[in-house]
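Asker: Residue numbers (UniProt numbering): 1 to 636. Below you will find the structure I want to go over with you.
Rendered as structure tokens:
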């Protein structure tokens, strides 16, 4: 590990010199002279006097370097039976035109634009157009319910909303325009305009504030790249918070560009001209970092896939894409392969394709469970690599660095901390613990470039959520340990945010929705283990006194309520009506114990419990309804 250890140590002991060297990888308008400084609250700020534009670095620069005819995007959409190849030159021209269209609608540097689109090239065009103008984009996952979109509009206060007329699912077309209209109606803040990209599968009827994408593009004049300070915000991306109110993670421009370019080299081992495929969505951080920005910054071709790992048309979809586009490095969530494994347990569909171009498979978004790891490791002839990061960090915290020094893999481990991330394990007393000792996973300041620089419109929440628990450290919210070889093992969240198929969702927010039902007196939503999705939520509900309605009907209403307020992505499909919830004497619901019961784990009765019988009652009710793993364990 000499090569890795040398680079890691230098990044920790001489961070300014190390990151100054990495900053030279990207084209600046004005190279930075101040590499690291701290703001008034003690948080790191990188390259503050440098000037650049990330759209220029990802598009214009490569055209200037002679890559104009190289594919920038391969778009593959089995749900619409469509494919497109867009070169760097074509992408630059489309982005410049749409930036001109936004400019014509009054969008300027610092304004916000909310983007609500499916996996189509126009989503990337819109994101880059915002970056070109210096506007701050906030992408919302296409299909999120009106309430969720409304909350984000109200917080970000966008001048313009950019959307598609619809999204395409495996079995249906989902019109977006009614969702957008309802979200704006619910929001106290009203955008000045909406731009609608019309899809032939479901064209939208336009209203007074709406503009047709194609019509705007036909009249627009190309816009140039606005010079941005490295510390200027690039985007706001909302992630679930334990309070139920989403947190708007703010990403800077310069530090993000430097970190992403570095990661494509040392982690993913891709060079200019290589093809990189991340099977995610532009609505999530993986899509922002490794579909939209990192591949093009590196001069690679990115695959934009509008489809599923299965059913479009079968469980061989990923193998087809890898062969068709010559993918060198592939990145997705373990959930995708659990779905593939369920439909094609012996991997027979793989035999239909030549994927010899593939050099590594990366997985993240949730813990890579050992059974899935071993299934993939047996099936493929390339390294199967878990790596760990968060929306807040924007790029991997721990990984097996294929472009620096590949290491032996260990099932259940994300391997080692990436240079720049001083990962430590702290006990409750805030002191470091030794090897193999579990504790809170933290990152010692300074955080490396590319990490969040704050929470939109709420700086105190940034400090309270991440920095207050252990002064001088960023709290990841995950628990884990480091073994004797320095390998990091992440065991799971220490808060009540659950991971459903790679999507972090707040159980607190679901409890708000469930608790608002007229018949519900009290409730708890917990995340329980699911073989396919990692975790799924289960609601435990105490009806109000005098409730004499049908319990099955109540459960259905609550499921529909969460689906309508948060969206199908929550996978909220199980509700259990109970008489009591186990609590401490101070009134805190014992959610961790409830999770252990559902997951079939051993549990003890804590001394702080108010009514020990309530724990057994919930346990028996879960077993009777076969919720969680308790029933499965009994079958074994």
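Where a beta carbon is used, it is the ideal one built from N, C-alpha and C, also for glycine. This structure is a prediction, so every number in the text was calculated from the model and none was measured.
Can you name, in chain order, every residue of its own chain whose Cβ lies under 6 Å from the Cβ of residue 513, other than the five neighbours on each side?
Answerer: The residue given as residue 513 occupies position 513 in the chain shown. Correct list, in chain order: 561, 562 and 565.
Asker: Between which residues of its own chain and residue 192 is the CB-CB distance below 8 Å, once the five residues before and five after are set aside?
Answerer: On the chain shown, residue 192 is found 192 positions in, with the first residue counted as 1. 105, 106, 159, 160 and 209, listed in sequence order.
Asker: Does DSSP classify residue 361 as helix, strand or coil?
Answerer: Taking the first residue of the chain shown as position 1, residue 361 is located at position 361. Assigned with DSSP and collapsed to three states, residue 361 falls in strand.
Asker: For the beta strand (DSSP E) that contains residue 258, what are its first and last residues?
Answerer: One-based indexing of the chain shown puts residue 258 at position 258. Unbroken run through residue 258 is the alpha helix (DSSP H), 254–266; no beta strand (DSSP E).
Asker: Excluding five sequence neighbours on each side, which residues of the same chain lie with their C-beta closer than 7 Å to the C-beta of residue 15?
Answerer: Here the question's residue 15 lines up with position 15 in the chain shown. Once the five neighbours on either side are set aside, the close Cβ partners of residue 15 are 36 and 446.
Asker: Once DSSP output is grouped into helix, strand and coil, what is the label at residue 214?
Answerer: As a first step, residue 214 must be located in the chain shown, where it is residue number 214. DSSP places residue 214 in helix when its eight states are reduced to three.
Asker: As a quick exercise: from 315, 38, 349 and 353, pick the residue whose alpha carbon is nearest that of residue 335.
Answerer: What you label residue 335 is simply residue 335 of the chain shown in a count that begins at 1. Closest option to residue 335, Cα to Cα, is 315.
Asker: Taking its Cβ as the centre, do 16 or more other Cβ atoms sit within 10 Å of residue 509, making it buried, or is it exposed?
Answerer: The count along the chain shown starts at 1 and reaches residue 509 at position 509. Buried: at least 16 other Cβ atoms inside 10 Å.
Asker: Give the DSSP bridge partners of residue 583, in chain order.
Answerer: On the chain shown, residue 583 is found 583 positions in, with the first residue counted as 1. DSSP output for residue 583 lists 589 as bridge partner(s).
Asker: Are residue 250 and residue 455 closer than 8 Å when you measure CB to CB?
Answerer: Working through the chain shown from its first residue, we reach residue 250 at position 250. Working through the chain shown from its first residue, we reach residue 455 at position 455. In contact: residue 250 and residue 455 (Cβ atoms closer than 8 Å).
Asker: Can you give me the start and stop residues for the beta strand (DSSP E) that residue 522 sits inside?
Answerer: Working through the chain shown from its first residue, we reach residue 522 at position 522. Its beta strand (DSSP E) spans residues 520–530.
Asker: Do you know offhand how far residue 380's Cα is from residue 9's?
Answerer: The residue labelled residue 380 in the question sits at position 380 within the chain shown. The residue labelled residue 9 in the question sits at position 9 within the chain shown. Distance between the alpha carbons of residue 380 and residue 9: 33 Å.
Asker: Taking the alpha carbon of residue 76 as the reference point, which residue from 46, 296, 322 and 23 has its own alpha carbon closest?
Answerer: Reading the chain shown from its first residue, position 76 is the one you call residue 76. Measuring from the Cα of residue 76, the nearest candidate turns out to be 322.
Asker: Whole alpha helix (DSSP H) runs in the segment 181–229 with 4 or more residues, listed along the chain?
Answerer: Within the segment 181–229, the alpha helix (DSSP H) runs of at least 4 residues that lie entirely inside it are, in chain order, 213–219.
Asker: Given a cut-off of 8 Å, decide if residue 285 and residue 372 are closer than it, judged by their beta-carbon atoms.
Answerer: Translated into positions along the chain shown, residue 372 becomes position 372. Translated into positions along the chain shown, residue 285 becomes position 285. Cβ distance not < 8 Å, so residue 372 and residue 285 don't count as in contact.
Asker: In terms of DSSP beta bridges, what is residue 37 paired with?
Answerer: Position 37 of the chain shown holds residue 37. In DSSP, residue 37 forms a bridge with 45.
Asker: Whose C-beta lies closer than 8 Å to the C-beta of residue 615 among residues of the same chain, with five residues either side of it excluded?
Answerer: Locating residue 615 in the chain shown gives position 615, where the first residue counts as 1. Closer than 8 Å at Cβ, skipping near neighbours: 582, 590, 593, 597, 603, 605 and 609.
Asker: If residue 443 and residue 433 are in contact, beta carbons under 8 Å, what's the gap, nearest whole angstrom?
Answerer: Position 443 of the chain shown, counting from 1, holds the residue named residue 443. Position 433 of the chain shown, counting from 1, holds the residue named residue 433. Contact flag wrong, Cβ pair sits at about 16 Å.
Asker: DSSP on residue 14, reduced to helix/strand/coil?
Answerer: The sequence position of residue 14 within the chain shown is 14, counting from 1. It is coil, neither helix nor strand.
Asker: Using the beta-carbon count (16 or more within 10 Å), is residue 436 buried or exposed?
Answerer: Position 436 of the chain shown holds residue 436. Classification of residue 436: exposed, given that the 10 Å Cβ count is below 16.
Asker: Using three-state DSSP, classify residue 366 as helix, strand or coil.
Answerer: Residue mapping note: residue 366 aligns to position 366 of the chain shown, counting from 1. Correct three-state label for residue 366: coil.
Asker: Please work out which residues of its chain come closer than 6 Å, Cβ to Cβ, to residue 638, disregarding the five sequence neighbours upstream and downstream, and give them in chain order.
Answerer: No statement about residue 638 is possible, as the shown extent of the chain runs from 1 to 636 and does not include it.
Asker: Give me whichever residues DSSP pairs with residue 330 in a beta bridge.
Answerer: In the chain shown, residue 330 corresponds to position 330, counting from 1. Beta-bridge pairing links residue 330 to 277 and 361.
Asker: Sort out for me which residues DSSP pairs residue 302 with in a bridge.
Answerer: Mapped onto the chain shown, residue 302 falls at position 302. Residue 302 is bridged to 73 and 276.
Asker: For the alpha helix (DSSP H) containing residue 507, list its first residue and its last residue.
Answerer: Within the chain shown, numbered from 1, the residue matching residue 507 stands at position 507. Residues 507–515.
Asker: Decide yes or no for the touch test of the segment 129–137 against the segment 222–235: beta carbon pairs closer than 8 Å, at least 3 of them.
Answerer: yes
Asker: Among 318, 197, 259 and 458, which has the Cα closest to the Cα of residue 156?
Answerer: For the purposes of this step, residue 156 is identified with residue 156 of the chain shown, where counting begins at 1. With distances taken between Cα atoms, residue 156 lies closest to 458.
Asker: Where does residue 82 sit, in a helix, a strand or coil, going by DSSP?
Answerer: The residue given as residue 82 occupies position 82 in the chain shown. If DSSP states are grouped into helix, strand and coil, residue 82 belongs with the strands.
Asker: Examine the Cβ distances between the segment 253–266 and the segment 306–315 and report whether three or more of them are shorter than 8 Å.
Answerer: No: the two stretches stay apart, fewer than three of their Cβ pairs being nearer than 8 Å.
Asker: List the residues that DSSP assigns as beta-bridge partners of residue 113.
Answerer: To locate residue 113, count along the chain shown from 1; it is residue 113. BP columns for residue 113 point to 137 and 160.
Asker: Distance, Cα to Cα, residue 174 vs residue 464?
Answerer: Translated into the one-based positions of the chain shown, residue 174 becomes position 174. Translated into the one-based positions of the chain shown, residue 464 becomes position 464. Those two C-alpha atoms are separated by around 38 Å.
Asker: Grouping DSSP H, G and I as helix and E and B as strand, with all else coil, what is residue 481?
Answerer: In the chain shown, residue 481 corresponds to position 481, counting from 1. DSSP, reduced to helix, strand and coil, places residue 481 within a strand of the structure shown.
Asker: Between which two residues does the alpha helix (DSSP H) holding residue 95 run?
Answerer: Numbered from its first residue, the chain shown carries residue 95 at position 95. Note, residue 95: alpha helix (DSSP H), 88–104.
Asker: In chain order, what residues of the same chain have a beta carbon less than 7 Å from the beta carbon of residue 375, not counting five sequence neighbours either side?
Answerer: Your numbering for residue 375 matches position 375 in the chain shown. 341, listed in sequence order.
Asker: So, helix, strand or coil for residue 247, using DSSP?
Answerer: Translated into the one-based positions of the chain shown, residue 247 becomes position 247. In this structure, residue 247 counts as strand in the three-state DSSP scheme.
Asker: Could you give the DSSP three-state label for residue 409: helix, strand or coil?
Answerer: Position 409 of the chain shown, counting from 1, holds the residue named residue 409. Note: residue 409 maps to coil in three-state DSSP.
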